[in-house]
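**Student:**
Residue numbers (the working numbering): 7 to 136.
1) How is residue 31 classed by DSSP in three states: helix, strand or coil?
2) Using three-state DSSP, classify residue 92 as helix, strand or coil.
3) From the DSSP output, in three-state form, read off residue 59 for me.
4) Give the single residue among 50, 96, 51 whose Cα lies nearest to the Cα of residue 64.
5) Among residues of its own chain, excluding the 5 on either side of residue 56, which ones have a beta-carbon nearer than 7 Å to its beta-carbon?
6) So if DSSP puts residue 14 in a beta bridge, which residue, or which two residues, is it bridged to?
7) Excluding the 5 residues preceding and the 5 following residue 27 in the sequence, name in chain order all residues of the same chain whose CB lies nearer than 8 Å to its CB.
8) Distance, Cα to Cα, residue 16 vs residue 93?
9) How long is the line joining the alpha carbons of residue 117 and residue 68, rounded to whole angstroms?
10) Given that a residue counts as buried once 16 or more other Cβ atoms are within 10 Å of its Cβ, and exposed if not, what is residue 135?
11) Rounded to whole angstroms, what's the CA-CA distance from residue 86 to residue 60? Just pull it up for me.
12) Tell me the rounded alpha-carbon separation between residue 21 and residue 66.
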């Protein structure tokens with residue numbers, strides 16, 4: 007399995023559409039990592055670049071709906087609206103805790119990632135908990 011995190015200064019980049027760097031981990035091993043420059047700006051080409059480097063899972067901040075759909079069309083599982091330090095995020099992913107409010111982007115605190123209006127990964131308030 008190959009996991010990619012869109013990064014800026016060793017944290018999750020706030021917007022994947024404009025992110026310039028990925029840190030890619032192979033076989034879920036934090037020690038086997040490489041940095042990849044995102045050279046493509048056209049959304050379709052950016053999504054294909056992920057597929058070309060063999061990414062199975064992308065963890066990122068905000069991402070536009072069209073780009074998210076393209077990434078998923080290439081068979082990449084995407085975890086958007088995530089915020090935090092790369093090491094903490096990778097560990098949370100391994101532990102199955104990535105969708106907790108601790109790792110939600112600002113503005114998504116007290117919310118979780120779920121299907122909102124049929125759009126996977128969109129932030130939506132939990133009913134009855136606000």
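The C-beta atom is built at its ideal place from N, Cα and C for all residues, glycine as well.
**Tutor:** Taking the coordinates as given:
1) Strand at residue 31.
2) Residue 92: helix per DSSP, three-state reduction.
3) Coil, per DSSP.
4) 96
5) 10, 64, 77, 80, 82
6) 17
7) 12, 13, 14, 19, 41, 42, 43, 44
8) 8 Å
9) With a pLDDT of 40 at residue 117, under the threshold of 50, the predicted position of this residue should be treated as unreliable, though the coordinate-derived value follows. Distance between the alpha carbons of residue 117 and residue 68 is about 14 Å.
10) Low per-residue confidence applies at residue 135: pLDDT is 37, beneath 50, and the placement is therefore not dependable, though the value from the model is reported in the following sentence. It counts as exposed.
11) 18 Å
12) 7 Å
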